[in-house]
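Participant: Attaching a single structure in structure tokens format; questions to follow.
What follows is the structure in structure tokens.
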């Protein structure tokens, strides 16, 4: 079995590629290396180029006609960047996804697993989100992913493409074998800021302590990147059971949305406690006012993932913190080499 992975030299895509390879599936990686790293595709079949390049996609399928599913991870994902350059985000995340889908249909590849975001949901009163939650994206990034999904659903209804969309919120950690991890030296999420504060020997600021959560701090659904990678493998291995080639009577379109998450999330204060348990007394935190634009957050109800994928997260927050710290050291070694 072979799987095409777009964006397979990035953080998520490269980890997914390793998860497939460990299970006997050959990953074929397509990446333009604008944000991906060359060393992340060492030992893998690799094509450098753009997902919108139809001739290149045709060549990949001529070389590998036994590709059975495409995992589409290639995207721009930084929320602040999307707000300053929305044209680029809509062009890459929507227009080029449309181009890619057309290339797949032309080459007879009718299975796609789409890496998406649960950030497009409006959280319920308890801050959870389910597949039935209202869609209310708040920035060009999440709007671009929602638009891409609506477009793919229309193509699925009309052109024979079958799509499973996996939506998740906050991937952290690194490949447990430290083959890959975050490319960004200075991640902007809370764990990245904690690592930075720890390395600099300065207190980490807990911004906002009066949110309506169990301890007053914002909540996020942090999930280990290897657990995300496992979910993509499970979706591929169960694809035809989830979306049969011949749809049952009454199904309007061959499209399925599955949320990935922990079921209860992690507050910032809980993340601080977990970090202190890993690194010891050398890490300090202090409270600070909420910043403009801060939000209380959300967490994912993953019941559907268990039912359809037989999947639950296996790694703890502590595991993710340890792997993130190990990867930060490994990245420094790679950058020096």
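In this note's numbering, the protein residues as written are 142 to 478. Where a beta carbon is used, it is the ideal one built from N, C-alpha and C, also for glycine.
Can you tell which of 272, 169, 209 has the C-alpha that lies nearest to the C-alpha of residue 381?
Facilitator: The residue from 272, 169, 209 with its alpha-carbon nearest to that of residue 381 is 209.
Participant: Between the stretch 208-227 and the stretch 251-270, can you find at least three pairs of beta-carbon atoms closer than 8 angstroms?
Facilitator: yes
Participant: Go through the stretch 423-465 residue by residue and report every complete run of the beta strand (DSSP E) that reaches 3 residues or more, in order.
Facilitator: The qualifying runs are 426-429.
Participant: With H, G and I counted as helix, E and B as strand and the rest as coil, what does DSSP make of residue 399?
Facilitator: Three-state DSSP puts residue 399 in a strand.
Participant: Under the rule that 16 or more other beta-carbon atoms within 10 Å means buried, what is residue 328, buried or exposed?
Facilitator: buried
Participant: Using DSSP's beta-bridge definition, name the partner residues of residue 346.
Facilitator: 427
Participant: Should residue 225 and residue 442 be called a contact, given that it needs their Cβ atoms to be closer than 7 angstroms?
Facilitator: Not in contact: residue 225 and residue 442 (Cβ atoms no closer than 7 angstroms).
Participant: Could you tell me whether the Cβ atoms of residue 166 and residue 142 are closer together than 7 angstroms?
Facilitator: yes
Participant: Are the stretch 244-254 and the stretch 171-183 touching by the rule of at least three beta carbon pairs closer than 8 angstroms?
Facilitator: no
Participant: Would you tell me roughly how many angstroms separate the C-alpha atoms of residue 188 and residue 220, rounded to the nearest one?
Facilitator: 28 angstroms
Participant: What residue range does the beta strand (DSSP E) around residue 303 cover?
Facilitator: If you look at residue 303, you'll find it in the beta strand (DSSP E) that goes 303-309.
Participant: Buried or exposed: residue 387, going by 16 or more other Cβ atoms within 10 Å of its Cβ?
Facilitator: exposed
Participant: Mind checking which residues open and close the alpha helix (DSSP H) that includes residue 197?
Facilitator: 195-204 is the extent of the alpha helix (DSSP H) around residue 197.
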